[in-house]
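Top to bottom, those sequences are chains B and Z. Quick note: the first sequence uses the working numbering, first residue 1, plus one each step. Quick note: the second sequence uses the working numbering, first residue 1, plus one each step. We treat Cβ as the ideally placed atom computed from N, Cα and C, and that holds for glycine. One structure is given here, and the rest of the page talks about it.
There are 2 protein chains.
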Amino acid sequence: MTERKREILAASQNVLKEKGYAATSVRDIAKALSMEPASLYSHFKSKEDILKITCFDMADKLEIGIAEVNDIYFNAEEKLRTAINLHVKVLTQNLNSAMIFIRDWRNLTGKSLDQFILKRNAYEAGFREIVQTGINEGIFNETDKKFAALTILSSVNWIVEWYKEDGSLSSEQIATKLSDFILSGLKKDTV
Amino acid sequence: MTERKREILAASQNVLKEKGYAATSVRDIAKALSMEPASLYSHFKSKEDILKITCFDMADKLEIGIAEVNDIYFNAEEKLRTAINLHVKVLTQNLNSAMIFIRDWRNLTGKSLDQFILKRNAYEAGFREIVQTGINEGIFNETDKKFAALTILSSVNWIVEWYKEDGSLSSEQIATKLSDFILSGLKKDTV
DNA sequence: ATATTTGCCTAACGAACGTTAGTTTGTGAG
DNA sequence: CTCACAAACTAACGTTCGTTAGGCAAATAT
């Protein structure tokens, strides 16, 4: 990927995140780049190509994280905290892509869509595995694994809706708060 | 709203939930109803009208719930459990609308969009108020209120992505599980 | 029996869509 | 100086989009 292509990709994502993939036209993207719509096709072979690259790029970034975490040994709590931390970092450091990745992947078609869903399921399975580890170790409640993994991911993914780079919370702080919340809940320990 | 209009609305929502508002054409909706695109305009004055009705209808349903909960006195935990229960019920009992409401509200324009955002903020404030009550009562952790409310809502809203009416979990069971999760977290009590 | 309304139709509008073909322009290498 | 290549351009393609105008038939009200 050339420098220029990366540049155009970034600008495209900046436009796509605003109104969503389906509601954004190729002409919208071109306008943001002060170029003609047709010129985009020197770099990308279709509008969906931009979506595909964005989604799979994010999926890869996340996949690498969870694989690392599950390979290196930690206890389950450490594992989960690390996984959440990495996830939050990837999202907040790629906020535009993250929003497109989470919200617009449904607009993929054909084989791309199938492949994406496979990747997504694999990632979810990684989280389920961590939960299972915790249950085995006897430190997590015997909760429905799938349910827990989905609930964790949903609360983590939603940050793209409200996170602002100039906000009061850093990526690290968010990850810590979220981990605390997920692990210990809202209720005070009555110890 | 006439019987027929309600019927067409429901069918429209069933189509819209699949590919999303922006990616669904008026012709798609008409096809699902075995009628001509133009005929829809006997009932709705625009495509966005359908979105608007759907979003505000859901917002109203949720608003009614949270107002009730906050009026009647409960302790904070009861309050939160009831609010979550109502929220989950509204979502699962209107699954198509719920998905559109959560995912596609951004496609509203002008005054509708502004009004919707106001409603949404008010609803979030309702949840924040419950969290505040719990902090005042000394039973919730002194966590960032806005953060907690957003995290709660995100995990609750995400159920529209995976809830199936014929699934193994009833709406009640989901609400209970979610409430437990949110209140007590994943970690076992070390009491 | 007649008038009104409801619900859908056919036909078509102008605008916007994603994309292609073919061409020009600028830049760096031989 | 020329050649090669990348990156942009102009112009336009066929398609689909949301929507409107106007009419027709059946149901409902008078």
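If the five residues before and after Ser12/Z are omitted, its C-beta is found closer than 6 Å to the C-beta atoms of Ile29, Ile50, all from its own chain and listed in chain order. In the three-state scheme derived from DSSP, where H, G and I count as helix and E and B as strand, Phe147/Z is classed as helix. Counting the other Cβ atoms within 10 Å of the Cβ of Ser179/B gives 16 or more, which makes it buried. With 16 or more other Cβ atoms from the protein chains shown falling within 10 Å of its own Cβ, Lys17/B counts as buried. Note on the stretch 11 to 74 of chain B: whole alpha helix (DSSP H) runs with a minimum of 4 residues are 26 to 32, 47 to 71, in chain order. For Glu129/Z, the enclosing alpha helix (DSSP H) covers residues 110 to 136. For Asp104/B, the enclosing alpha helix (DSSP H) stretches over residues 95 to 104.
Interface flag for Lys111/B against chain Z is unset, since no Cβ pair is found closer than 9 Å. Ranking Phe56/Z, Tyr41/Z, Ser154/Z by CA distance to the CA of Lys111/Z puts Phe56/Z first. Sequence-distant Cβ neighbours of Glu142/Z in its own chain, meaning closer than 8 Å and more than five residues away, are Ile135. By the Cβ-count criterion, Asp104/Z is buried, with 16 or more other Cβ atoms from all chains shown falling within 10 Å of its own Cβ.
Judged by DSSP secondary structure, Leu183/B falls within the alpha helix (DSSP H) whose first and last residues are 171 to 184.
For the set Ala76/Z, Ser39/Z, Asp71/Z, Val88/Z, the Cα lying nearest the Cα of Lys61/Z is the one of Val88/Z. The C-beta separation of Leu108/Z from Lys52/Z comes to about 6 Å, placing the pair in contact by the 8 Å criterion. The shortest C-alpha to C-alpha distance from Asn94/Z to any of Ile66/Z, Ile159/Z, Thr2/Z is the one to Ile159/Z. Contacts with chain B at 9 Å (Cβ-Cβ) do not include Ile64/Z.
Judged by their CB atoms, Glu124/Z and Leu153/Z are nearer to each other than the 9 Å cut-off. The alpha-carbon of Phe116/B is positioned some 47 Å away from that of Tyr73/Z. By DSSP's assignment, Lys187/B forms a beta bridge with Phe140/Z. Met58/B is positioned such that its CB atom lies closer than 9 Å to that of Phe101/B. Leu80/B has a beta carbon lying within less than 9 Å of a beta carbon in chain Z. Judged by their CB atoms, Phe147/Z and Lys177/B are nearer to each other than the 9 Å cut-off.
With a threshold of 9 Å between beta carbons, Ser97/Z makes no contact with chain B. Counted as a single uninterrupted DSSP element, the stretch harbouring Glu165/Z is not any alpha helix (DSSP H), since DSSP gives it neither H nor E. Using a Cβ distance threshold of 9 Å, Lys19/B and Ala22/Z count as a contacting pair. Listed along chain Z, the residues sitting closer than 9 Å to Ser184/B by beta-carbon distance are Asn141, Ser184, Gly185, Leu186, Lys187.
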